[in-house]
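In the numbering used here, the protein residues as written are 541 to 1340.
C-beta atoms are modelled at their ideal positions from N, C-alpha and C, and glycine is treated no differently.
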């Protein structure tokens, strides 16, 4: 066989193509002197019997140029971003160690230098442990005298000292969880009756409600099992449970966490109630009693947060304060931790569900207790035979049989369905938390499963699992190099699949809303990282589109949160569940929005900073008004949010970051100690400022520290049209109470104390606020040290 080709000089040449044969085993070409059978390679491998030769067809074909069909295959160029440009952050405290996951609100602050600078500016002084302890003792002693003077006569006070049982506090009052300085706060209710102003009266009542609610939560969190009461002694009466709690659970709660077969669970609960206290209790018995306690507590939380607690007075009156400590003891300690059963695993999943929803014990993705519990659930599921095989190998899957027995042909399908249901719920929680945090999935495998193959069992989440796992793996495998375009395509495809299933009533609407918000929050973090990435790698041509996309994503997240918060008639029973993802989404938007405000000096649009600041304040008010009175962790963030908002409000309208640079320049000159560690970029700025040329502007000096040209990174948001689509900005009515306006009006920081002296600061007289001069006599700590918001918050901290 002859083939022609051209040499380097363009002359024709002839190349001889010899026929070649290869071994079928080792695929090595055999020359004329190497055709013995078996060949040496097959002898080494022990494949003598199958050794044979076939012609190498590839070497006999003419080397023709193949046609290029690449234009028919869609090609997507990868666009990589770094989610952790500042490195991996691990917070170490005396109480524990926590890793800042790439997709959390704390990570958004860590990756953005502007947000890091803003955090350092808004920091408040921290006191040492000894000084803080003495300070609290001093305040506690002074407050007792001040509070007693404001609420009782001298004779009453003497009577209380002589006879502590005559105190205003009742023996079982939740006020018992608060320090002595606030025990007379119940007197506020009597004082509020005489107030003429409606807003002032509402503020009195709100203070009292917060003290009672958070005081009770504080007492319950530090409460542990005393060892004298057992679960079957504390469960509600059978008539109360089956006539009131169980119907509500079946109608409104079960579908949110469908880990149980309702008929099977009801039978087991009936058996548990009928069991004699003298009988011996096994692991499943304790799991059943803990399930009863959890169901009762979850139903109670649901009716409280739905605003319809008065419609269920019997459920509301059940005393559930000690339920969760008992559940923790009997599910996560002792014999229960040595062995595992399907029922025990289901009870642990229900506890994980409660930790996500509970306002007193849950904190979304930040609760490490939930992460450790989830690890126990996943490892326990493997121990009892749960896995993908219960979906893909149904015929070979046998449950509740001895090891010695063979496959029982009479085995019912319900046993397999129970395993499938639990496995699907484990996948749901594993994927959701991974997408919210950016941490790896605990279950690292996935499969494409057709939901239609499982008749009689609704498992819609299985249809999306391969997409959810791929998104999670793409992010967690290498957070420093994440394919932005790939994740956005996968997220869009996933949302389209969920829309189709929602139209066909296949997917639960509450779960659909939750997963949509999870994906929006994921996209928000990626859009923010892309803006930061453009500044780091100097992609000025893409910067305008990136920051516009970030603002659009913030609006999409906040609009969706407003939609969920206002759907009272539809989502009221499930509000205890949806509130958590709404809280996470609003917190993410609130954390990222200041980054655009600080960069608004690069835009030529007028009133951009004022418009965005107004939107920021409206979002804060919606966040705290909707969630601040029910979730202590949300309320606790109000103090820092108030300082941050007041800081943004005082910044220059044309170039907000200019005011912060002037503050740091002044502190550099005066060598003042800062309240918080400064970012490395700001330390570089202060060093260059000390060595600057007098003609260099502060903004140019800051841009040189970031190695970027500020003129190339300009952007526009079309602020005039943007105003029409801003959520939460319709404003409150005249007599409507705003929690964010009411608390911490006098919160201050080192920056706020000196901002009036800065040349570019925007300091205007604020409109008169009724809460600015509110009478906090009952909360005052003496004449030497007035009411301190930090001390106020410290009262609700759990005891160490």
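With which residues is residue i paired in a DSSP beta bridge?
i	result
residue 637	632
residue 620	1023
Determine the burial state of residue i: buried for a count of at least 16 other Cβ atoms within 10 Å of its Cβ, exposed for fewer.
i	result
residue 524	Residue 524 lies beyond the range of the chain shown here (541 to 1340); nothing can be said about it.
residue 577	exposed
residue 869	buried
residue 1018	exposed
residue 820	exposed
residue 1182	buried
residue 1303	exposed
residue 833	buried
residue 1134	buried
residue 978	buried
residue 908	exposed
residue 954	exposed
residue 1256	exposed
residue 1054	buried
residue 1222	buried
residue 936	exposed
Taking just the CA atoms, how far does residue j sit from residue i?
i	j	result
residue 1156	residue 1185	8 angstroms
residue 1385	residue 958	There is no way to answer for residue 1385, as the model of the chain reaches only from 541 to 1340.
residue 626	residue 648	11 angstroms
residue 1078	residue 1248	7 angstroms
residue 745	residue 1281	15 angstroms
residue 1258	residue 1270	20 angstroms
residue 1124	residue 841	19 angstroms
residue 1283	residue 1159	16 angstroms
residue 1126	residue 1044	30 angstroms
residue 772	residue 829	6 angstroms
residue 851	residue 1112	13 angstroms
residue 623	residue 1076	12 angstroms
residue 1099	residue 1291	33 angstroms
residue 853	residue 780	11 angstroms
residue 1189	residue 1235	29 angstroms
residue 1144	residue 1085	16 angstroms
residue 1026	residue 877	41 angstroms
residue 1260	residue 1164	27 angstroms
residue 999	residue 930	13 angstroms
residue 581	residue 566	7 angstroms
residue 872	residue 848	33 angstroms
residue 748	residue 1169	11 angstroms
Based on Cα-Cα distance, which residue from the options lies nearest to residue i?
i	options	result
residue 879	1264, 827 and 1058	827
residue 1105	1059, 1050, 1147 and 1087	1050
residue 969	1008, 935 and 988	1008
residue 1092	1055, 1123 and 1136	1136
residue 858	785, 1023 and 881	785
residue 1066	579, 883, 818 and 619	619
residue 1033	1022, 622, 1016 and 1056	1056
residue 835	1161, 895, 1245 and 1031	895
residue 976	753, 956, 1237 and 1059	1059
residue 1192	1128, 1300 and 1238	1300
residue 752	1178, 1227, 1232 and 1172	1172
residue 1064	643, 923, 561 and 1242	643
residue 1037	1023, 1024 and 1052	1052
residue 1218	593, 650 and 563	650
residue 1288	663, 989 and 1023	663
residue 1147	790, 1262 and 956	1262
residue 861	845, 846 and 838	838
residue 817	790, 804, 782 and 775	775
residue 982	1002, 961 and 1016	1016
residue 913	1229, 831 and 966	966
For my contact list, residue i and residue j are in at a C-beta cut-off of 8 angstroms; report their separation, rounded to the angstrom.
i	j	result
residue 1068	residue 1090	6 angstroms
residue 963	residue 1012	With 8 angstroms as the limit, residue 963 and residue 1012 do not qualify as a contact, their Cβ atoms being about 17 angstroms apart.
residue 742	residue 1103	Actually they are not in contact, since the Cβ atoms of residue 742 and residue 1103 sit about 27 angstroms apart, beyond 8 angstroms.
residue 1198	residue 1141	7 angstroms
residue 797	residue 893	4 angstroms
residue 928	residue 888	No, residue 928 and residue 888 are not in contact; Cβ-Cβ is about 20 angstroms, not under 8 angstroms.
residue 1154	residue 1196	With a Cβ gap of about 14 angstroms, residue 1154 and residue 1196 do not count as contacting.
residue 924	residue 881	7 angstroms
Would you please verify whether the beta carbon of residue i is less than 8 angstroms from any beta carbon of chain B?
i	result
residue 798	Included in the structure is just one protein chain, with no chain B present.
Please confirm whether any heavy atom of the ligand SAH lies closer than 7 angstroms to the CB of residue i.
i	result
residue 1180	In terms of ligand content, the structure shown is empty, and the ligand SAH therefore cannot be addressed.
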